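Residue numbers (my numbering), protein chains in the order written: chain A, -5 to 253; chain B, 1362 to 1612. This report concerns only the one structure given below.
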């Protein structure tokens, strides 16, 4: 079994590599994209830019996880009293999910600083991250909501029968169970955000991709993009593997519990 | 002698789901310390009646009084009312992410605003009384069904309710585990707890209830002393229901 899969992998990769290397344009491609000299030259700038990507990711993710939870909780409140709050949450999610992320970044990042309102930040970085938070909060709220709905109705009823208010029931009974159910989905949205932070480069924010672009504009060499790609992969692949591993663990545990 | 204190009074209670009538003009009264068993076929409205009393389902018509307070009037705070009575369901519904201790102390701490030490003291005392003290740090999935159901009862008791509502609490249990839960309920009766109990356990109803009420078509068809209702039922529907129970070997 292992022998066959190893063999087939070696053959497959071998053929692919041979096809690329033997093509007529390969020497030019290698110089343009995989030049060791250019790599050395561009690496420090791309790396420091990528560090900004990581910082944006961490700040945005923390804000998203908190804001999305509030939106999801608001949406799952019941009863006529909470109608306005519920409606607000629905409108927010629908509206934001309908706007392309890139458009949101452009509109907020260029639009708001241009208005020049006193007291409002003018930094492109600030508005870029804000756009990411606004957009991802809508998607993440839907993940949380699916989690809250996956908790059996009898749990809500039990909590309420003990005299807990709706907010207390959510806080102490429904949300803790909901979060457990959706950790794999949340992790997978982490991977997606971790890459999408690079989109703020359109605002001129000097993160990893922007640094590679600047280098490319100066030298007409694309190796910087490859450097940035490697850095993004170095972070996203471990997270993706961890997500898979964790998801399987949760599934296994649930099966063990139900048997 | 003064008239005994009326703990729960249900007057003209009606409820439909869509156009399906579930409860139709239910009238029932429980005096303090009284134990009333609700019997009747599945779908006769027992479960809905209990949930209506706990304000978990809205009602269409009628009134419910808890200690002379009309709890069905709109200005009453439902959460406050619910905290004064305990309800236990067929399917236990313990909170799986909390330990037994936290399951029991959650509502006393958050609703009654007891501090942790007081809430835990009360929980430990109850667990000790019902012989579950060794489970205090366990999670619900480590317990048997009977133990989980007893914890669910303790969780309600920790709120020091004036009234307990039990909704077929032994129906989801292995037959060998039914006894320990029924024993637990008898002990509550011994302590003077007022209880309204929906049950299929006719033997239990006969020797524990002060009164049995037979629900049929969403209304109280016949009620009285258990020996009388279960032994010499007056109405043909009651006779028919009990006849089928006997056939099934449950009486």
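Ideal placement from N, C-alpha and C gives every residue a C-beta, glycine not left out. Note that the coordinates shown come from a computational prediction; the quantities given were computed from them, not determined experimentally.
Residues near residue i by beta carbon distance below 6 Å, same chain, minus five either side
i               : result
residue 1499(B) : 1461
residue 0(A)    : none
residue 1541(B) : 1507
Close Cβ partners of residue i (< 7 Å) along its chain, the five nearest in sequence each way excluded
i               : result
residue 178(A)  : 237, 240, 241, 244
residue 253(A)  : With a pLDDT of 49 at residue 253(A), under the threshold of 50, the modelled position of this residue cannot be trusted; read the value that follows with caution. So no residue of the chain qualifies.
residue 43(A)   : 200, 201, 202, 204, 205
residue 1365(B) : 1392, 1393
residue 14(A)   : 20
Counterpart residues of residue i in DSSP-defined beta bridges
i               : result
residue 1584(B) : 1574(B)
residue 1448(B) : 1526(B)
residue 1430(B) : 1427(B)
Residue span of the beta strand (DSSP E) that contains residue i, given as start and end
i               : result
residue 1397(B) : 1396 to 1400
residue 1376(B) : 1367 to 1378
residue 1426(B) : 1422 to 1427
residue 1384(B) : 1381 to 1392
Start-to-end residues for the alpha helix (DSSP H) that takes in residue i
i               : result
residue 1454(B) : Premise fails: residue 1454(B) is in no alpha helix (DSSP H) and is neither H nor E.
residue 1555(B) : No alpha helix (DSSP H) contains residue 1555(B), which DSSP labels as neither H nor E.
residue 1480(B) : 1477 to 1490
residue 1563(B) : 1563 to 1569
residue 1435(B) : That residue, residue 1435(B), is in no alpha helix (DSSP H); it is neither H nor E in DSSP.
residue 1602(B) : 1597 to 1608
residue 1463(B) : 1461 to 1471
residue 1531(B) : Neither: residue 1531(B) is in no alpha helix (DSSP H) and is coded neither H nor E.
residue 209(A)  : 202 to 213
residue 1410(B) : 1407 to 1414
residue 26(A)   : 20 to 27
residue 13(A)   : -4 to 15
residue 1517(B) : 1506 to 1518
residue 1419(B) : Note, residue 1419(B): premise wrong, no alpha helix (DSSP H); not H, not E.
residue 198(A)  : Premise fails: residue 198(A) is in no alpha helix (DSSP H) and is neither H nor E.
residue 1536(B) : 1536 to 1551
residue 1439(B) : 1439 to 1443
Assumed close pair residue i, residue j - CB separation to whole angstroms, cut-off 8 Å
i               : j               : result
residue 1513(B) : residue 1399(B) : Between residue 1399(B) and residue 1513(B) the Cβ distance is about 19 Å, and since that is not below 8 Å, they are no contact.
residue 140(A)  : residue 176(A)  : 6 Å
residue 200(A)  : residue 46(A)   : 7 Å
residue 1494(B) : residue 1485(B) : 7 Å
residue 1353(B) : residue 156(A)  : No statement about residue 1353(B) is possible, as the shown extent of chain B runs from 1362 to 1612 and does not include it.
residue 90(A)   : residue 132(A)  : 4 Å
residue 1385(B) : residue 1580(B) : 5 Å
residue 233(A)  : residue 181(A)  : 7 Å
residue 63(A)   : residue 130(A)  : The pair is not a contact, with the Cβ atoms about 13 Å apart (cut-off 8 Å).
Own chain partners of residue i with C-beta closer than 8 Å, once the 5 adjacent residues on each side are dropped
i               : result
residue 1496(B) : 1461, 1488, 1503, 1504, 1508, 1512
Inset, instruction - Kindly provide the ranges of any alpha helix (DSSP H) runs that are 4 or more residues long and lie completely inside the segment 49 to 132 of chain A, ordered along the chain. - result: 77 to 91, 95 to 100, 106 to 109
Legend entry - alpha helix (DSSP H) segments (min. 4 residues) lying fully within the segment 147 to 179 of chain A: List check, alpha helix (DSSP H) in window: 147 to 155, 160 to 163.
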